[in-house]
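Here the structure is laid out as structure tokens; the discussion comes afterwards.
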Amino acid sequence: EEVTYWSGILGIDGESLVLASRLSAKVDNVALQDGYSLYQHMIFFDSKGNWAVVQQGMNLELMYARRYHWLSIGIGSFVNEPHSGIASPIKHDKVLNLVASESAANRNATLEMVKELSFKEIRRMFLGRDNPIISFSQMDLNRFLRKFEELKEYKPADFEELLLVKGLGAKTLRALSLTAELLTGKAPSYRDPVRYTYAHGGKDGYPYPVDRETYSKTIQILESIVRRAELARSEKEKLFKRLTLISR
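Here the sequence shown is numbered in my numbering, starting from 868 and rising by one per residue.
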């Protein structure tokens, strides 16, 4: 509601902003299954319709947080390498990453399966056997079959529409992806898309205490870059103030 209100005030397309907000949240909660559940979501936008999304997830088992960054400038697709960056204290060896470029064939196979495979066919595949897909997905079989039937009624045209189907959760999508792999041999990616981890440690001691020497040297380098930059004096002053704040 706030996005719609303020986009109206600014005279920009509110629907595209709402879509960006919804899809970014759905991707990081459902299509990227890295063990972090979102608990914070923010969208920023300007009078030209440019936007940025910053959201944070928590892994309750490890007690680590991970921050996801999205920018409208430069984004080619919401479902294919969409992040401008992901900050995390650690990088995992294996996560289900359905928005990786390597997952394109699996995404297409999943969508085609939902569109083309009949409910009777999918039901026959799973009933009467101890199915490893349902077991691995940690999902109740009857619930999966009901959800599959609902998805067919929605008739999603692409993977974005599939993600936006109401009630589509991580377990259902995982089961769909694995079923598509079983039928077509097109495997999803298990690459953790983290772009950078904390280079200088954290003030709270996680993932390790701040390396103050490296931290100070980094700030000195940034200050030197600002001094040499061809910027207005006012802009340089703003940047120096920011560097002063983070150096405390």
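Each residue gets a CB set at the ideal place from its N, CA and C atoms; glycine is no exception.
CB contact flag (residue i, residue j, <9 Å)
i       : j       : result
Leu1035 : Lys1014 : yes
Arg933  : Val921  : no
Leu899  : Leu965  : yes
Ala1047 : Met980  : yes
Val946  : Arg990  : no
Tyr931  : Ser904  : no
Arg1100 : His950  : no
Glu988  : Ala967  : no
Boundaries (first-last residue) of the beta strand (DSSP E) holding residue i
i      : result
Phe911 : 904–912
Arg934 : 931–938
Ile953 : 952–955
Span separating the alpha-carbon of residue i from that of residue j
i       : j       : result
Glu1017 : Leu978  : 14 Å
Leu1106 : Thr871  : 32 Å
Ser874  : Leu890  : 18 Å
Tyr1065 : Leu886  : Caution is warranted here: a pLDDT of 49 is assigned to Tyr1065, below 50, making its placement in the model unreliable, and no coordinate value can be reported.
Leu1030 : Phe986  : 19 Å
Trp937  : Ser883  : 14 Å
Gly902  : Arg1094 : 42 Å
Gly924  : Glu1097 : 38 Å
Lys1019 : Glu869  : 32 Å
Tyr1057 : Lys961  : 5 Å
Lys1033 : Leu1043 : 16 Å
Lys1103 : Met909  : 28 Å
Ile953  : Tyr906  : 15 Å
Glu1028 : Arg1109 : 41 Å
Leu1087 : Ser970  : First, the residue type needs correcting, since residue 1087 is Gln and not Leu in the sequence shown. If I take the Cα positions, the gap works out to 41 Å.
Leu927  : Phe911  : 27 Å
Tyr913  : Ser1091 : Note that residue 913 corresponds to Asp in the displayed sequence, not to Tyr. Cα to Cα, the separation comes out at about 30 Å.
Leu1045 : Ala976  : 10 Å
Expected contact under 8 Å - CB spacing of residue i and residue j to nearest Å
i       : j       : result
Arg1041 : Leu984  : About 17 Å separates the two Cβ atoms, so there is no contact after all.
Asp1059 : Lys958  : 5 Å
Phe1011 : Thr1039 : 6 Å
Extent of the continuous alpha helix (DSSP H) run through residue i
i       : result
Val920  : Run containing Val920: none in the alpha helix (DSSP H); it sits in the beta strand (DSSP E), 918–926.
Glu969  : Taken as a continuous stretch (DSSP letters only), Glu969 belongs to no alpha helix (DSSP H), as it is neither H nor E.
Arg991  : 986–993
Asn896  : Element bounds for Asn896: n/a, residue is neither H nor E.
Arg1062 : Where Arg1062 is concerned, there is no enclosing alpha helix (DSSP H), given that its DSSP letter is neither H nor E.
Gly875  : 869–877
Residue i: CB within 8 Å of a non-hydrogen atom of the ligand ATP
i      : result
Trp918 : Inclusion of the ligand ATP in the displayed structure is not the case, the ligand content being empty and no account of it being possible.
Inter-stretch contact at 8 Å, needing at least 3 Cβ pairs: the region 873–880 / the region 895–902: no
Check whether the region 926–945 touches the region 1049–1057, counting contact only when three or more Cβ pairs, one atom from each stretch, lie closer than 8 Å. no
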